[in-house]
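The structure under discussion appears below in the form of structure tokens.
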Amino acid sequence: ATAVDKFVKGIWDSSITSELERFIEIPNQSPIFDAEWATNGFQEQVVDMFVAWLKKQPLSGYTVDVEKLPGLTPLIFVEIESTLPNETKEQAMENTILLYGHFDKQPPLTEQWDEDLRPYKPITKDGKLYGRGGADDGYAFYAAITAIAALQEQKIPHARCVVIIEGCEESGSVHLPKYIEHLSDRIGTPSLIVCLDSGCGNYEQLWLTTSLRGIVVTQLRVDILREGVHSGKASGVVPSSFRIIRKLLERVEDSETGKLLLDGLYVEIPQRRQEQAQEAANELGSLVTEEFPFVEGAKAVDLPMAELILNKTWRPALSITGVDGIPALQDAGNVLRTHTTLTLSLRVPPTLDALKGAHILKEALEKDAPYGAKVSCSILKSGSGWNSPQLADWLAAAVKDAGQTIFGKPALYQGEGGSIPFMGMLGLRFPKAQFVITGVLGPNSNAHGPNEFIHLDFAQKVTSCVALIVNAHANKPE
Numbered sequence: 234a235t236a237v238d239k240f241v242k243g244i245w246d247s248s249i250t251s252e253l254e255r256f257i258e259i260p261n262q263s264p265i266f267d268a269e270w271a272t273n274g275f276q277e278q279v280v281d282m283f284v285a286w287l288k289k290q291p292l293s294g295y296t297v298d299v300e301k302l303p304g305l306t307p308l309i310f311v312e313i314e315s316t317l318p319n320e321t322k323e324q325a326m327e328n329t330i331l332l333y334g335h336f337d338k339q340p341p342l343t344e345q346w347d348e349d350l351r352p353y354k355p356i357t358k359d360g361k362l363y364g365r366g367g368a369d370d371g372y373a374f375y376a377a378i379t380a381i382a383a384l385q386e387q388k389i390p391h392a393r394c395v396v397i398i399e400g401c402e403e404s405g406s407v408h409l410p411k412y413i414e415h416l417s418d419r420i421g422t423p424s425l426i427v428c429l430d431s432g433c434g435n436y437e438q439l440w441l442t443t444s445l446r447g448i449v450v451t452q453l454r455v456d457i458l459r460e461g462v463h464s465g466k467a468s469g470v471v472p473s474s475f476r477i478i479r480k481l482l483e484r485v486e487d488s489e490t491g492k493l494l495l496d497g498l499y500v501e502i503p504q505r506r507q508e509q510a511q512e513a514a515n516e517l518g519s520l521v522t523e524e525f526p527f528v529e530g531a532k533a534v535d536l537p538m539a540e541l542i543l544n545k546t547w548r549p550a551l552s553i554t555g556v557d558g559i560p561a562l563q564d565a566g567n568v569l570r571t572h573t574t575l576t577l578s579l580r581v582p583p584t585l586d587a588l589k590g591a592h593i594l595k596e597a598l599e600k601d602a603p604y605g606a607k608v609s610c611s612i613l614k615s616g617s618g619w620n621s622p623q624l625a626d627w628l629a630a631a632v633k634d635a636g637q638t639i640f641g642k643p644a645l646y647q648g649e650g651g652s653i654p655f656m657g658m659l660g661l662r663f664p665k666a667q668f669v670i671t672g673v674l675g676p677n678s679n680a681h682g683p684n685e686f687i688h689l690d691f692a693q694k695v696t697s698c699v700a701l702i703v704n705a706h707a708n709k710p711e
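Taking the numbering used here as reference, the numbering of the sequence shown is continuous, increasing by one, and the terminal residue is 711.
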């Protein structure tokens with residue numbers, strides 16, 4: 234284990250960090266955010282960079298292909314032969330480890346970054362590499378390859394591995410199902426799936442993700458007038474579209490507490506997940522709330538820490554993430570506007586069918602429109618969440634040993650409030666597979682927001698833990 238960790242640290246120091254700096258400089262936004270993604274060459278630039286790095290690594294027995302189906306983002310597919318003795322090809326295909334990550338990015342939000350930081354300018358401060366996409370999820374490809382190379386360098390056997398790096402995750406992985414179908418014969422039947430696109434409660438120990446919430450995105454639009462009119466003439470007679478939309482939102486969310494009011498959006502939280510939330514709360518304490526950049530004097534929702542963890546991992550929550558129909562401040566005249574449109578981001582519990590949740594929300598908002606206004610709630614996307622199957626004894630022991638060996642502290646488990654669409658897809662396709670979902674998105678790392686960073690030392694240690702877990706997989710009981 235010490236030799237593996239030393240090798241991994243050497244690769245991070247000698248090449249991965251500098252590669253991530255180059256990666257950060259490329260503005261390869263996910264397709265939903267970049268209308269020119271198919272022609273601007275940024276995705277191809279990243280793919281070429283990743284593949285060129287791979288070919289320089291001390292890795293043997295592999296093939297790499299860049300898959301490109303018409304109209305879809307490219308996908309990197311790496312196959313690494315099993316080094317287990319006396320294993321037939323058929324056995325290897327049925328004992329595959331699938332390692333997953335993505336290389337597309339969220340929008341830069343340039344104007345919101347600190348003055349000395351920029352989304353596409355890599356800057357390292359206090360062991361943290363700042364820049365868009367380094368933590369979410371550019372590091373995953375490097376970590377997956379390095380974990381396996383570390384085992385080979387020590388001549389430690391490993392099962393057949395498949396590395397899949399997609400370019401559409403931030404758009405809901407909508408291109409991925411076609412690739413999975415296209416590559417199904419080459420993927421095999423994974424017995425272990427490792428995802429490196431999740432989070433951690435702190436940077437002091439290994440964290441495994443036990444569940445992911447689903448996501449529903451809708452546009453809620455309220456129209457009241459055919460054209461704007463003088464507010465002095467109309468206000469008090471014509472109800473404003475903004476007031477109507479507020480009234481609609483009160484149907485689904487308690488504005489005092491933030492609790493959603495639609496019973497169909499809730500599920501029963503498993504007892505074990507409640508226990509894990511309490512264990513995580515005991516370890517993290519006030520870090521559960523202190524990781525967020527509140528303005529001076531502001532505070533979090535007033536609930537026990539374990540309940541806050543369950544709030545963000547197992548209960549539905551609504552966020553307003555976009556607005557249209559409202560002029561910029563400098564353009565705001567005394568006009569009663571024709572309409573207001575909001576983008577609603579609804580996080581749904583891991584075991585709730587997201588499309589069902591979308592229709593529950595849509596029905597609640599569209600029925601009995603106040604004042605006879607024209608109300609539409611358009612479903613833009615939905616993706617169900619995921620709840621991890623119980624860890625096999627060998628994997629639970631491997632996670633415990635890896636965390637203790639590399640970090641010197643016990644591994645911990647918690648749900649994540651975000652979504653990784655691929656996990657639900659894989660869980661349905663490979664119901665017997667075991668899952669290790671982990672990542673580097675910890676306190677203040679701020680994926681999707683300004684000042685995103687990757688904690689370099691932590692990322693290196695996660696890579697070493699993955700290597701040890703892959704090694705344990707080779708020794709698991711039949």
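Ideal Cβ placement from N, Cα and C applies to all residues, glycine included.
This one's a predicted model, so the numbers in the text were calculated from it and none came from an experiment.
- In the structure shown, the three-state DSSP call for Tyr604 is helix.
- Judged by their CB atoms, Leu674 and Gly334 are not nearer to each other than the 8 Å cut-off.
- By DSSP's assignment, Ser578 forms a beta bridge with Val450, Ser552.
- Annotation: the region 392-420 contains the following complete segments of the beta strand (DSSP E) (minimum length 3 residues), in chain order: 394-399.
- Under a 10 Å Cβ-count criterion, Phe275 is classified as buried, with 16 or more other Cβ atoms of the shown protein chains found around its own Cβ.
- In chain order, Val500, Asn620 place their CB closer than 6 Å to the CB of Thr584, counting only its own chain and leaving out the 5 sequence neighbours on each side.
- As for any beta strand (DSSP E) of minimum length 3 sitting wholly inside the region 331-359, the runs are 356-358, ordered along the chain.
- Under the DSSP definition of a beta bridge, Trp619 partners with Leu445.
- Partner residues in the beta bridge of Asp298, as assigned by DSSP, are Phe310.
- Per DSSP, reduced to three states, the secondary structure at Phe266 is helical.
- Secondary structure within the region 496-561: the alpha helix (DSSP H) runs of 4 or more consecutive residues, fully enclosed, are 504-517, 520-523, 538-546 (chain order).
- Shortest Cα-Cα distance from Ile687 to any of Gly465, Pro260, Gly672, Gly558 involves Gly672.
- Straight across, the Cα-Cα distance linking Glu599 with Ile381 is about 52 Å.
- Closest in alpha carbon position to Thr296, among Ile313, Ala285, Trp286, is Ile313.
- For His706, the enclosing alpha helix (DSSP H) stretches over residues 689-707.
- For Asp690, the CB contacts under 8 Å within the same chain, skipping 5 residues up- and downstream, are Gly360, Tyr436 in chain order.
- Contact between the region 440-457 and the region 344-360 is absent: fewer than three C-beta pairs spanning the two stretches fall below 8 Å.
- Contact between the region 633-648 and the region 601-612 is not established, with fewer than three Cβ pairs separated by less than 8 Å.
- The Cβ atoms of Ile457 and Ser468 do not sit closer than 8 Å to each other.
- When the five nearest sequence neighbours on each side are left out, the beta carbons in the same chain lying within less than 7 Å of the beta carbon of Asn684 are those of Trp346, Asp347, Leu350, Tyr363, in order along the chain.
- By the CB criterion at 8 Å, Ser406 and Glu399 fall inside the cutoff.
- Counting only residues of its own chain and dropping the five nearest sequence neighbours on each side, Gln290 has a CB closer than 7 Å to the CB of Ile378, Ala382.
- Here His408 is actually not in contact with Thr316; their C-beta atoms are around 32 Å apart, not less than 8 Å.
- Within the model, the alpha-carbon separation for His463 versus His572 is close to 14 Å.
- A direct Cα-to-Cα measurement between Val311 and Gly660 gives close to 21 Å.
- Taking a contact to require three or more Cβ pairs closer than 8 Å, the region 557-577 and the region 520-533 do not qualify as touching.
- The beta-carbon distance between Ile397 and Ala666, rounded to whole angstroms, is 14 Å. This is too long to meet the 8 Å contact definition.
- According to the DSSP assignment, Val427 belongs to the beta strand (DSSP E) that extends over 423-428.
- Taken atom to atom, the span from the alpha-carbon of Pro264 to that of Val450 is near 16 Å.
- A straight line joining the alpha-carbon of Leu332 with that of Arg476 spans about 48 Å.
- Between the alpha carbons of Val632 and Ala285 lies a distance of about 32 Å.
- The beta carbon of Leu551 sits closer than 7 Å to those of Val485, Glu486, Leu493, Leu577, Leu579, all from its chain and outside the five residues before and after it, given in chain order.
- Counting along the chain, Phe275 sits inside the alpha helix (DSSP H) bounded by residues 275-287.
- Gln623 counts as exposed, since fewer than 16 other beta carbons sit within 10 angstroms of its beta carbon.
- Proximity to Lys532 across Lys694, Gln339, Ser519 peaks at Ser519, based on C-alpha coordinates.
- A residue is called buried when at least 16 other Cβ atoms come within 10 angstroms of its Cβ; Val470 does not meet this threshold and is exposed.
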